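**Q** Okay, here's the structure, questions in a sec.
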Amino acid sequence: MGTMWDKRYEGDEYLFGTSPAAFLADREQFLRASAGKTCLAVADGEGRNSVFMAKCGIDVTSMDSSEIGQAKAKKLAKAEDLSINFQVADLRTWGWHENAFDLVVAIFIQFADPVFRTEIFEGMKKTVKPGGTILLHGYTPKQIEYGTGGPGVAANLYTPEILADAFEGFEGFEIEALNAYDKVITEGTGHSGKSALIDLVARKPV
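With the working numbering as the guide, the letters of the sequence shown map in order to residues 67 to 272.
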């Protein structure tokens, strides 16, 4: 997996830009209120999202399978004089330590097929602390029509039903937000134009 993303992240340009996903930018107030808390940024790529969260005062661990992506993320963090725990690791072998993070954030991680996706979701639910929050953002299958980003594989995309089944009622998990919507986004050359998006915010019971 790292090799594919290494190729996509080659060059000086940041594929998805250096600004955070609009999903996170819209939640800046919540993130600033989470200053001092710990966060795992899942498959963080070139670091735009982890850097933004670190600027909000969050203690971020950024993991990704691409060494090139992580190198560019480190460069971005250094430019902002931020300290982030960067780890090059494959999600298939990532150790989901139990109750380890206050926040778990996964933005556009739709390289995962349905079986792998279930494993990732289970890991996210395991590693978030009691009272902690999972923030998940991606595309719905309608995105195939728009072709403005994403894997182009319908089975990898999220529907409200898929996310509700994965998180709602799991050991008392509470879904605080689950919204599918269309929006024009401009996030580098990788995500640009009218997009079919979906957001999930879920809290683990104390």
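For glycine and all other residues, C-beta sits at the position ideal for the given N, C-alpha and C. Computed from a predicted model, the values in this text were never measured in an experiment.
I need the boundaries of the beta strand (DSSP E) containing Asp265, first residue and last residue.
**A** 257–269
**Q** Using the three-state DSSP reduction, which class does Tyr11 fall into: helix, strand or coil?
**A** The first residue shown for the chain is 67 and the last is 272, placing residue 11 beyond what the model contains.
**Q** Can you find the residues in the same chain that come closer than 8 Å, C-beta to C-beta, to Ser131, ignoring five residues on each side of it along the sequence?
**A** Excluding residues within five positions, the ones whose Cβ falls inside 8 Å are Met67, Gly68, Trp71, Ala109, Val154, Ala155, Asp156, Leu157.
**Q** Going along the chain, which residues of its own chain have a beta-carbon closer than 7 Å to the beta-carbon of Ala221, five neighbours each way excluded?
**A** Asp179, Pro180
**Q** Can you say whether Gly197 is buried or exposed, counting buried as having 16 or more other CB atoms within 10 angstroms of its CB?
**A** exposed
**Q** CB Tyr212 to CB Lys260, shorter than 8 Å?
**A** yes
**Q** Shortest alpha-carbon distance to Glu240 belongs to which of Val272, Phe152, Ala88, Thr252?
**A** Val272
**Q** Could you check what DSSP says for Asp130 in three-state terms: helix, strand or coil?
**A** strand
**Q** Output the residue ranges of the beta strand (DSSP E) runs that lie fully inside the segment 177–238 and measure 3 residues or longer, sorted by chain position.
**A** 194–205
**Q** Can you name the residues that DSSP bridges to Ala107?
**A** Ser128, Val171
**Q** Ignore the nearest five residues each way along the sequence and tell me which others in Ala246's own chain have a CB closer than 6 Å to its CB.
**A** Thr206, Pro226, Ile264
**Q** Quick one: what's Glu240 bridged to in DSSP?
**A** Arg269
**Q** So, Arg114 versus Ser149, is the Cβ gap smaller than 8 Å?
**A** no
**Q** Output the distance between the C-alpha atoms of Phe118 and Thr104, rounded to the nearest integer angstrom.
**A** 14 Å
**Q** Based on Cα-Cα distance, which residue from Gly204, Ala107, Lys140 lies nearest to Phe177?
**A** Nearest C-alpha to Phe177: Gly204.
**Q** For Ala172, collect the residues of the same chain with a Cβ closer than 6 Å to its Cβ; drop the 5 residues on either side in sequence, then sort them by chain order.
**A** Same-chain partners within the cutoff: Val108, Leu202.
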